[in-house]
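In my numbering, the protein residues as written are 1171 to 1789.
In structure tokens form, the structure reads like this:
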């Protein structure tokens, strides 16, 4: 059975700790201050059985930050309301927090029932149902118990166990992530942290990353429910003994994760929903407290609108005062800076890109719609399936399902795009090449690097787009140069004579092959000018550019290919020495020629030798 974490919630002195003790036999008030004052200050932990952990959270208003930290990773919320008091301020605040964090199941427990009559309990139940409308608790069963006499405790306990066994919790990420809620040092062991595994799994001996500091540590030991284990997984309550780490680096609010898998940032695009019960409004640039995971971080809110009214929702930018490790779709709670009150809840929409405030309203909250929006925005630099899975903190299988749902396409190199985006970029590329070449001899091509730079295209995407345009007979792409196909060049008489002169020099060279330096020297022309003219000869199929330093006449190259075809009809492998003998080239020219043949499919490397390439199979 998977592990289930249950969290208590409710007003101070409504019997949360006594209820946990009645259920588990454990008093979770471990601090001397807690025992002397009779209130819970920090988080307490108890085990209902080997699979179920109960986190007891403080109810006092001053310790809400600890309550949120304890509630950030629970599966079931236990809302505790004393029969004698009924619904109180922290009841409402805790209810809002649990609802904001999207727990799976809500259970309501009325405590101290021995001190009141049934008529009063009925009134309390009526009030409870009013505040729970439109929340996760709306259809939850209400239990009536007394922790001192144990009345109703067995029924509640059995119900909790049955509900826990019925839950199916799936890990859609597989990347290890844990919010740290406790840090302590144990003699003979060193630094120990506890928390609930939010996703993935971790084993003894694994290396992990501590965020936001991005410091690496090794897991020396693993415990769950007080016992030593070698591995813990998604949903488990765990204690990790970390080696090679200063305990001062660790704190409640730290995030442990697989190395280099979680974004560390102080800039978040979020969606905020104001509480219906607050008197506050959120205004632009307002300073607030953000409770994310087990961390509390101060932040400024930037809005597209003037303010968010109670019960309303809006996208916003959070500028955090310190960095945090965060993933998309994380839920958080917003509290006012002073006086402290829970005023809103939120969800992280994006943690990787910065946008203008005017565009905030465009970002969808729905995950699938947001993926579609984000893919569309990256029309010039598409991301791979793996990158999208990491951004959305989902497995590649899960992200592929969503990519299929929105009918996006995937290239052979795994880039994700929409056809509309591809067509738009193709138009931009053709327009750019036309503008830059404009029938000018000395600007008759665009280099791939310049195209990528000027159109802000990623390398793999630029190649994919250009190759598509080549297949559509709109461009030619050779030796890193992109040209409009069949574009007429205006060549004056002098240039035409220089082209003929270079052609003659190449044809009259030994074996009709020559280095660019030698060609420049013999022609007595400007090196760049010679290079441009050689490309024209290459386009006219008069020469073959073997490398950026060696040029061969086309007929000499064709002769070598013919000899290779004859050679491979009787031999399987071609050595360098055999090729030198066959082509009559020196080693200085033979090696670049062989590399050219490899690149263009005439030959395939086989250790130090070559074998017949796909070109000859197609003949």
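Positions of the beta carbon are idealized from the N, C-alpha and C atoms, including for glycine.
Rounded C-alpha distance that separates residue 1596 from residue 1589: 10 angstroms
Residue range of the unbroken alpha helix (DSSP H) whose run includes residue 1192: 1186–1194
Backbone CA spacing between residue 1584 and residue 1552 [nearest angstrom]: When rounded, the distance between both Cα atoms is 10 angstroms.
Can you look up residue 1702 in the DSSP assignment and give me helix, strand or coil? helix
How many Å lie between residue 1556 and residue 1464 at the Cα? 28 angstroms
Alpha carbons only, please: which of 1430, 1502, 1745, 1381 is nearest the one belonging to residue 1468? 1502
Residue 1211 in three-state terms, based on DSSP: Because the pLDDT of residue 1211 is 30, which lies under 50, any placement of that residue in the model is unreliable, and the number read from its coordinates should be weighed accordingly. Residue 1211: coil per DSSP, three-state reduction.
Let me know if residue 1666 comes out buried or exposed under the rule of 16 or more other beta-carbons within 10 Å of its beta-carbon. Exposed, because fewer than 16 other Cβ atoms sit within 10 Å of the Cβ of residue 1666.
Beta-carbon contacts of residue 1218 that lie in its chain and below 8 angstroms, excluding the five residues immediately before and after: 1176, 1193, 1194, 1224, 1327, 1330, 1331
Taking the CB atoms as reference points, tell me whether residue 1360 and residue 1348 lie closer together than 9 angstroms. With a cutoff of 9 angstroms on beta-carbon distance, residue 1360 and residue 1348 are scored as not near each other.
Out of 1401, 1708, 1767, 1284, state which residue places its alpha-carbon closest to the alpha-carbon of residue 1735. 1767
Would the region 1299–1306 count as touching the region 1266–1273 if we require 3 or more Cβ pairs under 8 angstroms? Short answer: they touch.
Distance cut-off 8 angstroms: residue 1409 Cβ against heavy atoms of the ligand SAH: This structure does not include the ligand SAH; it has no bound ligands of any sort.
If contact is defined by three or more beta carbon pairs under 8 angstroms, each pair taking one atom from either stretch, is the region 1491–1507 in contact with the region 1454–1463? yes
Pair within 9 angstroms by beta-carbon distance, residue 1616 and residue 1651: yes
Residue 1478, buried or exposed, once every other Cβ within 10 Å from all chains shown has been counted against 16: buried
Three-state secondary structure (DSSP) at residue 1578? coil
Taking 8 angstroms as the threshold, find out whether the region 1715–1724 comes into contact with the region 1626–1643 through three or more Cβ pairs. Fewer than three pairs of CB atoms, one per stretch, sit closer than 8 angstroms, so the region 1715–1724 makes no contact with the region 1626–1643.
At 3 residues or longer, what runs of the beta strand (DSSP E) sit wholly inside the region 1435–1505? 1456–1462, 1465–1473, 1483–1496
Between residue 1633 and the rest of its own chain, which residues show a CB-CB distance below 6 angstroms, the 5 nearest in sequence each way excluded? none
Span separating the alpha-carbon of residue 1139 from that of residue 1668: Residue coverage of the chain in this structure runs from 1171 to 1789, which leaves residue 1139 outside it and unanswerable.
Taking buried to mean at least 16 other C-beta atoms within 10 Å of its own C-beta, is residue 1184 buried or exposed? buried
Below 8 angstroms on the Cβ atoms is my guess for residue 1226 versus residue 1178; work out the distance and round it to an integer in Å. 5 angstroms
Where does the unbroken alpha helix (DSSP H) through residue 1650 begin, and where does it stop? Looking at the DSSP string, residue 1650 is not in any alpha helix (DSSP H), and its letter there is neither H nor E.
Between which two residues does the alpha helix (DSSP H) harbouring residue 1733 extend? 1724–1738
Going by C-alpha to C-alpha distance, which of 1715, 1763, 1746, 1341 sits closest to residue 1730? 1763
Does the Cβ of residue 1325 have 16 or more other Cβ atoms within 10 Å, making it buried, or fewer, making it exposed? Under this definition residue 1325 is an exposed residue.
In the structure shown, what three-state DSSP assignment does residue 1202 receive? With a pLDDT of only 34 at residue 1202, under 50, the local geometry of the prediction cannot be trusted, and the value read off the model is given with reservation. Helix, per DSSP.
DSSP state of residue 1741 mapped onto helix, strand, coil: It is coil, neither helix nor strand.
Spatial neighbours of residue 1232 within its chain, please: C-beta separation below 6 angstroms, excluding the five flanking residues on both sides. Interpretation of residue 1232 is limited by its pLDDT of 46, a score under 50 that renders its predicted location unreliable; the figure taken from the coordinates is listed afterwards. So the list is empty, once near-sequence residues are dropped.
Assuming residue 1765 is part of the alpha helix (DSSP H), what are its boundary residues? 1757–1769
Please classify residue 1403: does DSSP put it in a helix, a strand, or coil? strand
With a cut-off of 8 angstroms, do at least 3 Cβ pairs link the region 1521–1536 to the region 1567–1582? Output reads no: the region 1567–1582 does not touch the region 1521–1536.
Stretch-stretch touch, CB-based, cutoff 8 angstroms, three pairs: the region 1505–1513 with the region 1542–1550: no
Smallest Cα separation from residue 1334: which of 1437, 1405, 1283? 1405
Residue 1349 - DSSP class collapsed to helix/strand/coil: strand
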